[in-house]
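S.K.: Here it is, the structure, as structure tokens.
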Amino acid sequence: MTARLGIMGGMFDPVHTGHLKVAALACDELELSHVRLVPCSVPSHRGTPGASAVDRLKMLQLALATETRFLADDREIRRPGVSYMVDTLHSFRQEFPDTTLVYIMGQDSFAGLTGWHRWREILTLCHLCVVSRPGAGQIVHRDLLASQVSTRAALYEQQTGHIIQIDGAQFWHSSTQVRQLIYSDSLPEDPADIIPASVLHYIRQHKLYQTRPSS
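Start counting the sequence shown at 1499; every next residue gets the next number (our numbering).
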């Protein structure tokens, strides 16, 4: 069987338990070899992150320290300029020419896909796995309807170009909400369902997210 690599991009500002659950869900549902989580260095779609790229990478590494199927990938941090996912996928394709790549994204991100830099190239490099919110219904995207499949077998009939939707776990804290909980000191006594303990320790040690978070 051809190796199958999952790729998850994002700010991870900070990484939280929801990110890990989505990665695990996609890994299990699509029988991926492993998942690489790629923190964005310079975003094109939002303002300055609450934590530096170095801090966000370190928190991701801490969160994944015991996750044998997941790996923090620093290629966007090492690459200068704006972090465009199409460039990141090209670099993965060059590194893993015979591997099937699956880019894992949330339904909200998928809804804005046609606004991404060189978005049409993305499906020439990988498949898309769209993780939907529970009860959100099927994805509808006029320009991409022909690419959508409903089963894992159909997804892997070719190396790139297909889109599959999987139902997300019942956990949808956003990083913005997590930053707000940290800023307001409102995390529960046992925050394990929200943020890994190692990540929270790093945040407190380095006094991150001390200002009111923006959306």
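For each residue, glycine too, the CB sits at the ideal point set by N, CA and C.
Using a Cβ-Cβ cut-off of 8 Å (strictly less than) and excluding sequence neighbours within five positions of Thr1622, which residues of its own chain qualify?
M.R.: Cβ within range, chain order: Thr1658, Gly1659.
S.K.: Hey, which unbroken runs of the beta strand (DSSP E) at 3 residues or more fall wholly within the region 1643–1684?
M.R.: Unbroken beta strand (DSSP E) stretches of 3 residues or longer found wholly inside the region 1643–1684: 1661–1665, given in chain order.
S.K.: To the nearest angstrom, report how far apart Thr1709 and Ala1609 are at their CA atoms.
M.R.: 30 Å
S.K.: Among residues of its own chain, excluding the 5 on either side of Phe1510, which ones have a beta-carbon nearer than 6 Å to its beta-carbon?
M.R.: Taking Phe1510 as the centre and dropping the five residues before and after it, the same chain places the C-beta of Pro1537, Arg1554, Leu1558 closer than 6 Å to its C-beta, in chain order.
S.K.: Count the CB pairs spanning the region 1676–1691 and the region 1528–1546 that are closer than 8 Å, and state whether there are at least three.
M.R.: no
S.K.: Spell out a yes or no on whether the region 1556–1573 and the region 1503–1523 are touching, meaning 3 or more CB-CB pairs, one atom from each, closer than 8 Å.
M.R.: Yes, the region 1556–1573 is in contact with the region 1503–1523.
S.K.: Alpha helix (DSSP H) containing Cys1624: first to last residue?
M.R.: Run containing Cys1624: none; DSSP gives neither H nor E here.
S.K.: Taking C-alpha atoms, which residue in Ile1680, Lys1519, His1704, Leu1643 lies nearest to Leu1562?
M.R.: Lys1519
S.K.: Who does His1532 pair with in a DSSP beta bridge?
M.R.: Leu1503
S.K.: Is Leu1607 helix, strand or coil by DSSP?
M.R.: It should be noted that the sequence gives Ser, not Leu, for residue 1607. Helix at Ser1607.
S.K.: Taking the CB atoms as reference points, tell me whether Thr1597 and Thr1674 lie closer together than 8 Å.
M.R.: no
S.K.: Just tell me which of Pro1686, Ala1652, Phe1590, Cys1624 has its CA closest to the CA of Asp1572.
M.R.: Phe1590
S.K.: Could you name the residues of the same chain whose beta carbon sits closer than 7 Å to that of His1514, not counting the 5 residues immediately before and after it, in chain order?
M.R.: His1671, Ser1673, Val1676, Ile1692, Ile1693
S.K.: Once you ignore the five residues that flank Gln1575 on each side, which residues in its own chain have a CB closer than 7 Å to its CB?
M.R.: Looking at the sequence itself, residue 1575 is Ile, so the reference to Gln does not match. Answer for Ile1575: Pro1537, Ser1539, Ala1551, Leu1555, listed in chain order.
S.K.: Are the beta-carbon atoms belonging to Val1600 and His1639 less than 8 Å from one another?
M.R.: With respect to His1639, Val1600 sits apart: the two C-beta atoms are not nearer than 8 Å.
S.K.: Distance cutoff 8 Å, beta carbons only. Does Pro1512 sit that close to anything in chain D?
M.R.: Of the chains in the structure shown, none is chain D; there is only one protein chain.
S.K.: Grouping DSSP H, G and I as helix and E and B as strand, with all else coil, what is Leu1558?
M.R.: helix
S.K.: My understanding is that Ile1664 touches Ala1524, with C-beta atoms under 8 Å, so please give their C-beta distance in whole angstroms.
M.R.: 7 Å
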